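A quick write-up on the structure given underneath.
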Amino acid sequence: MNVVVVESPAKAKTINKYLGKDFEVLASFGHVRDLPPKDGSVRPDDDFAMEWEIEPASAKRIKAIADAVKGADKLILATDPDREGEAISWHLLEALTKRKVLKGVAVERVAFNAITKTAITEAMRHPRAIDMELVEAYLARRALDYLVGFTLSPVLWRKLPGARSAGRVQSVALRLVCDRELEIEKFRPEEYWSVEADMVSGKSDSFRARLTKFEGRKIDKMSIGDRAMAKSAVAAIEAASFRIGAVEAKPTKRHPAPPFTTSTLQQEAARKLGFNAQRTMRTAQKLYEGVNLGGETVGLITYMRTDGISMVGEAISEARHVIGDRHGALYLPSSPRVYTSKQKNAQEAHEAIRPTSFSRLPENLHLDGDEARLYALIWKRAVASQMESARFERTTIDMENADGTLAMRATGSVLLFDGFLTLYTEGRDDEEDENDTRLPRVDQGAPADVKKTHADQHFTQPPPRYTEASLVKKMEELGIGRPSTYASVLTVLRERDYVRMDKTRFIPEDKGRVVTAFLENFFSRYVEYDFTAELENQLDKVSAGDLDWKQLLRDFWTQFSASVNEIGDLRIGEVLEALNTALAPHIYPEREDGTDPRECPSCKQGTLSIRLGKFGAFVGCSNYPDCKFTRPLGATDEAPAAEGDGALGEDPVTGETIYLKDGRFGPYLEMAVAGEEKPKRSSLPKGWSRDTINLERAAKLLSLPREVGPHPEDGEMIEAGLGRYGPFVRHGKTYANVSDIEEVFEIGLNRAVALIAEKKAGGGRGATSEPLKELGEYDGDQIRVMKGRYGPYVKWKKVNATLPKGLAPEDVTLEKAVELIKERDSKGGKKGGRKPAGKSAASPKKKAPAKKKTAAKAKG
């Protein structure tokens, strides 16, 4: 018997069918060991010795594999074909070696790019040993990420209360977002004018031309800066006589893009499908591991973590066959297209992302939802990469007046042959239309008459905020991180509340900007783009066997630890002044009246400065406590706030002052109420940050609860409000959740009655929750996503694990659920703790050891 170990149970079932009865295929459920999130897991003073921990759930998987291996002839490690997969195999081998179950058992490592019978049986014929150079690159990466996170994060906590963590790649990605926001804030729009004219020559149709020369000077985009000059140019055009000068028609081609890499797949899925990187990779994983087709699980795409852009010869041949059958010989190049990567740091899985069989047409598979859309995108891109180029004719017509002081130019592009564009057009952030303008035939030397002139005012625009697609593209261009890590890095930024999303664009939160400014001022080397990229290049050298991984760590730690030690005695005042300077365009924008942006708008004597509180940074007056003026970092002083502790202004109904304060559980609003002993207070609802609160929003929030209307059955008033567990509508003693706080301000009677009826029909406390999603089996029991009173959670046996912030129920995978269950189970399952397996109720209680304060687990 041969034991094969893969990473996921879905993959195990499929591969077991392919290999037959002589093989037992088991799943490791990803990594079986990890660095425990505590001080000392990586020890620089002990030549970077690393302490690995096996979680209880992983221990069960290792035991199952060890039991199977005891009577086996061979152990075949078949984890993913990249650096991470190599590391999982190494971890498993180390764990089994410690259990002493490998005596007399041959150990082989195999890797395959696709989960198909052909690919797997071929891989089994070519086993190899574990690639220790890849493992060492993994070890170096994990050690670096740990050392940066667990060394910098405590510094942040001491110097910047409210900061969450720092990370080797995470902090540099955050800097990109913050730098772009700073560019936008510093941007000052410039006025410019475009001058064009509708022209005709002889009996030709009218065509549009733009001004290219005026008063003998070349005109570019910014040359005409005001209305007066634009009017002067228009008058000159209308008074001039033009003749056709050069007429040039030049054929051009547009070639197809290569098949997808991890990065380009994430970018294109964001542009065309609206997927974030995490959603793209999760869906691609499903397509790779296989879907059920006619009762058989089939892997539909090759491995999705790769920088390679080539396809094997058999795949190219199959793609060309499909092109010939579906589109004809005109769309098939005379020879196959060959793509080579310009990147020096290609991933270890070299082939591009492509269908495992091009004959599986997207329309014939009947896939659902995300899987259908992503498979179609991958299939079309891969097929288009082998199609004929699109051909255009670009035409330019130049016109001048008699003395050559005034010139106009018309340009057009006509699609002559669509080629690959008949199947696939690559999305672009700056989409350009190449086939929308056909110019008429005109004769050189013929007169050209002006029919109508156009002068339009424009203003330059600031650079756009990053989308996931453009941020991933920028990180790849700079060599920051690796495509396989982008999804997790961007997720961490959102989970730490360092950024928020406005539709599809990243906006840095004040917390993120303060952290970035601190790191740029006091740890600048470690958030420099070039330094981070060079570190990635060194990790690639370790993968290639050209650099010793321990030497890399020694060189890094020598300089890094010295930088951290230097910052130890830094006074908070020095930190704050550096932040005041770095964030000035954001915190202290220029005032319209020209006064000092840092003058206190309340007392007119103090100076505004960043101050640090328990819940983060804010702006306050230097005359505190005599002047108690405060405001959020991102607020402005255009409408001076009333004197007081975070005063926002007067409530339009009561005339009382509304204050924004920081409390034990976060920011809240407070307003005195005439005739009542206690002031009225309200916490900020989920999704509302401190720096987005103005007087209007505060007044709306403090006006709750509001009366919606009488219930049609008994006439009792229905109220809408914000409670401990979020927004609600209430009828009598029945409370029904409302999905969004904004709906509380607008909800009508019919909607409120329907929500209350649904709540009553669903039962009260103790009613059984309905599963939102069935995920599959783990260790003999089903895992389900459930709808709970306080939000969705995953349930397995008696363990309930709440979904983390930002993870929607429909996005939960079996692997993610298992990870959450493991984490919850290791903490004791249900609230209040549960008895570990095998312990009797009568077991004497032992005093728990004091918990050591540790840094939060850092993510690169």
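The sequence shown begins at 5 in our numbering and counts up one residue at a time. Note that beta-carbon positions come from the ideal geometry of N, C-alpha and C, so glycine has one too. Source: prediction; values computed, not measured.
When DSSP states are grouped into helix, strand and coil, R635 belongs to the strand group. According to DSSP, residue pairing for P714 in a beta bridge involves M721. Residue pairing by DSSP places F246 opposite A452 in a beta bridge. The alpha-carbon separation between Y379 and G24 amounts to approximately 29 Å. Here I313 is buried. Its C-beta has 16 or more other C-beta atoms within 10 Å. Excluding its 5 nearest sequence neighbours in each direction, E189 has C-beta neighbours in its own chain below 6 Å: P589, H590, listed in chain order. DSSP places A394 in the uninterrupted beta strand (DSSP E) bounded by 394 to 404. Going by DSSP, Y739 is part of the beta strand (DSSP E) stretching over 738 to 741. DSSP assignment within the region 405 to 432 yields the following whole beta strand (DSSP E) runs of 3 residues or more, N-terminal first: 411 to 421.
One thing to note: K254 has its Cβ within 8 Å of the Cβ of R398.
Pairwise C-beta distances place the region 60 to 69 in contact with the region 25 to 37, as three or more of them are shorter than 8 Å. Where Q786 is concerned, the enclosing beta strand (DSSP E) starts and stops at 785 to 790. Per DSSP, the beta-bridge partners of C625 are L612. Under DSSP, the beta-bridge partners assigned to Q461 are W197. Under the three-state reduction of DSSP output, K217 falls in the strand class.
For a cut-off of 8 Å, the C-beta gap from M308 to T266 is around 6 Å, short enough to register as a contact. DSSP places I484 outside both helix and strand once states are collapsed to three, so it counts as coil. Excluding its 5 nearest sequence neighbours in each direction, T301 has C-beta neighbours in its own chain below 6 Å: T18, G294, listed in chain order.
In the DSSP assignment, P512 falls within the beta strand (DSSP E) that extends over 509 to 512. By the neighbour-count definition (other C-beta atoms within 10 Å, threshold 16), D50 is an exposed residue. Less than 8 Å divides the Cβ of V789 from the Cβ of L776. Non-local beta-carbon contacts of Y292 in its own chain, meaning distances under 8 Å to residues more than five positions away in sequence, involve A118, I119, G303, L304, I305, T306, Y307, M308 in chain order. Under a 10 Å Cβ-count criterion, M136 is classified as exposed, with fewer than 16 other Cβ atoms of the shown protein chains found around its own Cβ.
With a cut-off of 8 Å on Cβ pairs, the region 322 to 342 is in contact with the region 351 to 371, counting three or more such pairs. When only Cα atoms are considered, L616 and E185 end up about 22 Å apart.
For R286, the enclosing alpha helix (DSSP H) has its first and last residue at 281 to 293. Selection T495, I745, R341 evaluated against L475 yields T495 as nearest (Cα-Cα). Of the candidates R469, E778, Q271, H735, H735 places its Cα closest to the Cα of E762. Straight across, the Cα-Cα distance linking L811 with L178 is about 20 Å.
Around the C-beta of Y428, 16 or more other C-beta atoms lie within 10 Å, and the residue is accordingly described as buried. In the DSSP annotation of this structure, the continuous segment of the beta strand (DSSP E) that includes S686 starts and ends at 684 to 687. In this structure the region 511 to 529 does not touch the region 98 to 113; the number of beta carbon pairs closer than 8 Å is below three.
Cα atoms of E717 and N741: separation of roughly 20 Å, rounded to the nearest angstrom. D550 carries a coil assignment under DSSP once its states are collapsed to helix, strand and coil. For W800, the pairing in a beta bridge is given by DSSP as I787, V803.
Cβ neighbours of A76 within its own chain (closer than 7 Å, five residues either side excluded): M5, N6, V7, V109.
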